[in-house]
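Residue numbers (the working numbering): 17 to 207. Using N, Cα and C, we set each Cβ at its ideal position, and we do this for glycine too. Step one of this worksheet: look at the structure below.
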Amino acid sequence: MKFTYQVQDFTVTVSTEEYIRRYSNSECFIKYCKECRNYGKVWVCPPFSHDTMAELRQYANLFLVATKIIPDEKKIPFSEVNRFFRPERLRIEKKLRDMEITYRGKAFAYAGSCLYCPEGTCSRLDNQPCRHPELVRPSLESYGFDLGKTASELFGFPLLWSNDGYLPEYLTLICGLFHNAENICKNKLKI
């Protein structure tokens, strides 16, 4: 069955220091990560072997993108979520990787499983390097950021969750690029 949907992309730029100060809550979110089946098993998930905040502080700004996915149909089973997430993840992640090269920044993609290796086959399980480092990026959540607070305060709408086995009114993906460019938006890079 093919589902149709509408997509809206929203962007905002915030200083790295402000974002870390207001939206980092590593202690809380790492607890959630530890409950996930991917914790320590895939390269985009914690634990990380480096100081993540020191890594991010190399950059002055964060260009954030919130992608709101609005299904055209109602009562779609939650089991169909990847029919909506996958194409939008691929679309935005490609643009972010291109921006990462253009602006010499650090891109962050969406939470969830890796799109490039079949589930359960990440090379991290064998203590080997990532097979697709040119494609794979961690999520902001994996670095301990509160995306619920990010969505409501910076984009003006809440994250919605399924509580009845069906997709909510809309789905939201939040990603970003830490960078040192003066202003990405001036360059009219269309998301």
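Asked                                                                                                          : Found
Start-to-end residues for the alpha helix (DSSP H) that takes in Gly164                                        : Leu163 to Thr166
At least 3 beta-carbon pairs within less than 8 Å: the segment 148 to 162 vs the segment 104 to 124            : yes
DSSP-derived helix/strand/coil call for Phe64                                                                  : coil
Buried or exposed (CB count within 10 angstroms, at least 16 for buried), Glu130                               : Looking at the sequence shown, residue 130 is not Glu but Cys. Counting Cβ neighbours within 10 Å, Cys130 comes out buried, since at least 16 surround it.
Ser158 versus Glu43 - alpha carbon distance                                                                    : 11 Å
Distance, Phe45 Cα to Arg30 Cα                                                                                 : The identity of residue 30 in the sequence shown is Val, whereas the question assumes Arg. Those two C-alpha atoms are separated by around 21 Å.
Own chain partners of Gln24 with C-beta closer than 6 Å, once the 5 adjacent residues on each side are dropped : Lys84
Uninterrupted beta strand (DSSP E) stretches inside the segment 59 to 105 (no shorter than 3 residues)         : 77 to 87
Rounded straight-line distance, which links the Cα of Ser65 to that of Ile200                                  : 30 Å
Rounded separation between Ser139 and His148 - CA only                                                         : 10 Å
Sequence-distant residues of the same chain with beta carbon closer than 8 Å to Trp177, five excluded per side : Pro184
Residue interval of the beta strand (DSSP E) (run including Cys191)                                            : Leu187 to His195
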